[in-house]
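Trainee:
Numbering (the working numbering), first residue to last: 17 to 199.
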């Protein structure tokens, strides 16, 4: 048994989990490489079972997301490289992913990358005691252009470069851009 193996064998659950979170923080989203799966809220949990197996819980941005197999593969490569074994990767569909799970850093990175982050109530849910009834869907404000900041934009297509984004154009700077749809 090598020294590094002996050290890993005595690692506490807290230390192992902290290492796993740190390793997985570096796994980029395959479709938007400037943000990590943790920043997007795809990485939901890392826990350790009684037998010592790490369980990594990921949730797709929508149930048919084609990037999930690549994300699971990237998670496995990261855990293998860090010698964090044994592990299991679980894809969980409920609760469904929401843009509320995105970090503020992810939103800023999206904007800097040229993708308008989601608008609306993201990140600020209504108080629990307040029940909102709506018979007509309220239109969300148009996204601001990530290049010039103008709110004078129009939607060109319901789907952009991926199904979770829509294609917009700024009417001031005339540049097209993806908009990450709020869910």
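The beta carbon of each residue, even a glycine, is placed where N, CA and C say it ideally should be.
Taking residue 54 and residue 29 to be in contact with their CB atoms under 8 angstroms, please state how far apart those CB atoms are, rounded to whole angstroms.
Mentor: In fact, because the Cβ distance is near 19 angstroms, the residues do not count as touching under 8 angstroms.
Trainee: Shortest alpha-carbon distance to residue 122 belongs to which of 32, 51, 39?
Mentor: It is 51 whose Cα lies nearest to the Cα of residue 122.
Trainee: Please list the terminal residues of the continuous beta strand (DSSP E) segment that includes residue 61.
Mentor: 59 to 64
Trainee: Going by DSSP, what residue range makes up the beta strand (DSSP E) through residue 187?
Mentor: Premise fails: residue 187 is in no beta strand (DSSP E) and is neither H nor E.
Trainee: Return yes when the Cβ of residue 176 is within less than 8 angstroms of the Cβ of residue 182, no when it is not.
Mentor: yes
Trainee: Please list, in chain order, all residues of the same chain as residue 84 whose beta carbon is under 8 angstroms from its beta carbon, the five residues on each side excluded.
Mentor: 74, 76, 107
Trainee: Label residue 79 either buried or exposed according to how many other C-beta atoms from any shown protein chain fall within 10 Å of its C-beta, with 16 as the threshold for buried.
Mentor: It is exposed - the Cβ of residue 79 has fewer than 16 other Cβ atoms within 10 Å.
Trainee: According to DSSP, simplified to helix, strand and coil, what is residue 90?
Mentor: helix
Trainee: Going by CA-CA distance only, name the one from 130, 134, 179, 180 that's closest to residue 192.
Mentor: Of the candidates 130, 134, 179, 180, the one whose C-alpha sits nearest the C-alpha of residue 192 is 130.
Trainee: Alpha carbon to alpha carbon, what distance is there between residue 38 and residue 31?
Mentor: 11 angstroms
Trainee: Can you name, in chain order, every residue of its own chain whose Cβ lies under 8 angstroms from the Cβ of residue 164, other than the five neighbours on each side?
Mentor: 186, 188, 189, 191
Trainee: So, at 6 angstroms on beta carbons, what are the nonlocal neighbours of residue 172 in its own chain, with the 5 sequence-adjacent residues on each side left out?
Mentor: Contacts found: 183, 185.
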